[in-house]
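Residue numbers (my numbering), protein chains in the order written: chain C, 1 to 258; chain R, 1001 to 1400.
We put the CB at the ideal spot given by N, CA and C, even for glycine.
Just below is one structure, and these are the notes that go with it.
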């Protein structure tokens, strides 16, 4: 794990493997649980996986408050590492970030993979498009996040203090960026037309946070996207089905450009 | 009044009630807050209760007991969802005693200027009898307000600074373009009656918050911390005040206790037992609302993750003198008295318990007396307050 300094912000970043560049943007929680997936991707790509500012051990200056700030920071990161034709992969909250990055500049991007991404609100003001993880009982949230939570959720009593602190930072930062408006940017849907790179929208068939129907609407709003469901997976398919998701991404990356 | 004059003053007593809507309690399950439907509130019964609680506060004007209100939201434990509304009524209904709103959740209200206006009007109508509280609010206030828990503290202090500046600026509009609040023409009418502004209070439950208040000379109200946790909080306040060059006079420190006084010990305990309905219900909240992310600093949240969550942490906060945890939901009078949460019995019993607690924590200048809570009747509340006023109040000068 290294820290990349971007304008005074120390971003904790894992860089794995060799090959063409892949930038992975994690979701709001269960960040450590992505490791099997990232190791699998590293067989083919040079995987760059930053911990977002305020998450884990990454710093966040007090002025840095919105997903827009994170989007600009990662555009700076792409410049700094001089990545070109990058495969941008975002999960959940990280999928929202991927959309915010791509509407701003696709110059260093090749393709996008969005996995159960948040960030838009298709329904009306009295509809709950994105499950309220802060108001539902914890057990229910777990049931909506994972097909089999018991295989994913760590025994927190067994973690060391630095791991626990990292998780507490992840949760606090997710709330900071995503509390209100809840996990979306009201204007983002109106800029999605700017995303012209090929996009693969992957969705856990049993996602109870944002349903596959939400994912289909998101894919339909992107000019050049394909939608695919993952069986036996909920909100984090790359955690529950790392092999299957990695294989789909490989196939997508090998496809001729339409 | 000079600092010296204040020091010589006997302990001030404040009658506090949460204006509970207890008729709903028997219908509630594992949450008395946030998610309970308001069809359980019958407005005709509610009207009687509001008038009753206001009558009890109005009586305090004759008894020499000051008045304290608070607020909570979406709950049957406290039907006072706007602390300034009963205060506005009492500002006119009373003539002598002071009025403490403890208080306004300024990190959860989106409009600090409105808070400055509400407090200023009450201060003027009451002819300068307002004490104004600013509260961060318990974690389960976050959901009803839908405010961001991760920057609550920052928002709280910005609102605090803005309100005080608005109340003390008398030369027309000023500009405020802060992090959370933006006004280009702040110009509060009326200005407050007291100069430079009504005394500022803040409830605190930790040494860290006590230090923040001490630095600014804010009076702290300490609630439900008992024999075990109060001394460290008061010590932290005194230490920080000295460091900041302020003298931590006793009138900067307030302690809340549930008080049941009776002509006999049995009657006092029976009243305390009914008032304890407050302690037994106030923490009943669905666990997902007990610790929104960012509400406590990450280091604390990390330890809660390890220890089984916020509810487990809350369950061990109340302790007997010898450090045994007490379950607030089933707490007896004997346990509450042992823990220093309640003073109960005859007037002598109550005075002796208060004196022991006062000495244990190094003294304090305000007793926040929960004289009404839970299921206690109007008649018992009136007798409780009257007896306290007659038999205990005159003896408070003996403390210290």
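Closest by C-alpha distance to residue i, when choosing among the options
i, options, result
"residue 8(C)", "205(C), 53(C), 138(C) and 84(C)", "53(C)"
"residue 1158(R)", "1109(R), 1173(R) and 1193(R)", "1109(R)"
"residue 117(C)", "99(C), 125(C) and 19(C)", "99(C)"
"residue 1284(R)", "1013(R), 1019(R), 1034(R) and 1009(R)", "1034(R)"
"residue 1037(R)", "1089(R), 1251(R) and 1073(R)", "1073(R)"
"residue 1162(R)", "1090(R), 1116(R) and 1010(R)", "1116(R)"
"residue 1215(R)", "1239(R), 1205(R) and 1225(R)", "1239(R)"
"residue 1134(R)", "1082(R), 1258(R), 1150(R) and 1331(R)", "1082(R)"
"residue 162(C)", "1300(R), 1094(R) and 1262(R)", "1300(R)"
Residue-chain proximity (residue i, chain C), Cβ-Cβ < 8 Å
i, result
"residue 1293(R)", "yes"
"residue 1112(R)", "no"
"residue 1037(R)", "no"
"residue 1105(R)", "no"
"residue 1090(R)", "no"
"residue 1136(R)", "no"
"residue 1287(R)", "yes"
"residue 1354(R)", "no"
"residue 1151(R)", "yes"
"residue 1389(R)", "no"
"residue 1305(R)", "yes"
"residue 1386(R)", "no"
"residue 1310(R)", "no"
"residue 1143(R)", "yes"
Chain R within 8 Å of residue i, Cβ atoms only
i, result
"residue 175(C)", "yes"
"residue 167(C)", "yes"
"residue 16(C)", "no"
"residue 51(C)", "no"
"residue 187(C)", "no"
"residue 277(C)", "This structure cannot speak to residue 277(C), because chain C is shown only from 1 to 258."
"residue 22(C)", "no"
"residue 161(C)", "yes"
"residue 223(C)", "no"
"residue 172(C)", "yes"
"residue 80(C)", "no"
"residue 156(C)", "yes"
"residue 134(C)", "yes"
"residue 137(C)", "yes"
"residue 191(C)", "no"
Outcome for residue i when other beta-carbon atoms lying within 10 angstroms are tallied against a minimum of 16
i, result
"residue 1045(R)", "exposed"
"residue 1066(R)", "buried"
"residue 18(C)", "exposed"
"residue 1084(R)", "buried"
"residue 1029(R)", "exposed"
"residue 1131(R)", "buried"
"residue 239(C)", "buried"
"residue 1007(R)", "Low local confidence applies: a pLDDT of 47 at residue 1007(R) is under 50, so the model's placement there is unreliable, and no value is given."
"residue 1230(R)", "buried"
"residue 1001(R)", "Confidence at residue 1001(R) is low in this model, with a pLDDT of 38, below 50, so its placement is unreliable and the value that follows should be read with caution. Exposed, since its Cβ has fewer than 16 Cβ neighbours within 10 Å."
"residue 1308(R)", "exposed"
"residue 1252(R)", "buried"
"residue 1189(R)", "exposed"
"residue 259(C)", "No information on residue 259(C) is available, as it lies outside the stretch 1 to 258 that chain C covers here."
"residue 1005(R)", "Because the pLDDT at residue 1005(R) is just 42, under 50, the model does not fix this residue reliably, and the value given afterwards should be weighed accordingly. With fewer than 16 other Cβ atoms within 10 Å, it is exposed."
Identified DSSP bridge partners for residue i
i, result
"residue 24(C)", "89(C)"
"residue 1370(R)", "1016(R) and 1258(R)"
"residue 1174(R)", "1186(R)"
"residue 1319(R)", "1325(R)"
"residue 1311(R)", "Paired residues: none, contrary to the question."
"residue 84(C)", "The partner list for residue 84(C) (beta bridge, DSSP) is empty, contrary to what the question assumes."
Neighbourhood of residue i by C-beta distance below 7 Å, restricted to the same chain and skipping five residues each side
i, result
"residue 1381(R)", "1056, 1371 and 1372"
"residue 1326(R)", "1318, 1319, 1320, 1335 and 1339"
"residue 1087(R)", "1069, 1099, 1101 and 1122"
"residue 1041(R)", "1021 and 1024"
"residue 1092(R)", "1125"
"residue 1207(R)", "1232, 1233 and 1236"
"residue 138(C)", "none"
"residue 1204(R)", "1210, 1213, 1220, 1222 and 1233"
"residue 231(C)", "205"
"residue 1282(R)", "1077"
"residue 1170(R)", "1191"
8 Å CB neighbourhood of residue i in its chain, flanking five on each side removed
i, result
"residue 1333(R)", "1260, 1269, 1272, 1273, 1276, 1342 and 1344"
Beta-carbon contacts of residue i that lie in its chain and below 6 Å, excluding the five residues immediately before and after
i, result
"residue 1400(R)", "1363"
"residue 225(C)", "199, 201 and 219"
"residue 1017(R)", "1053 and 1372"
Check: residue i C-beta below 7 Å from any heavy atom of the ligand ADP
i, result
"residue 101(C)", "Ligands in the displayed structure: none, and consequently the ligand ADP is not present."
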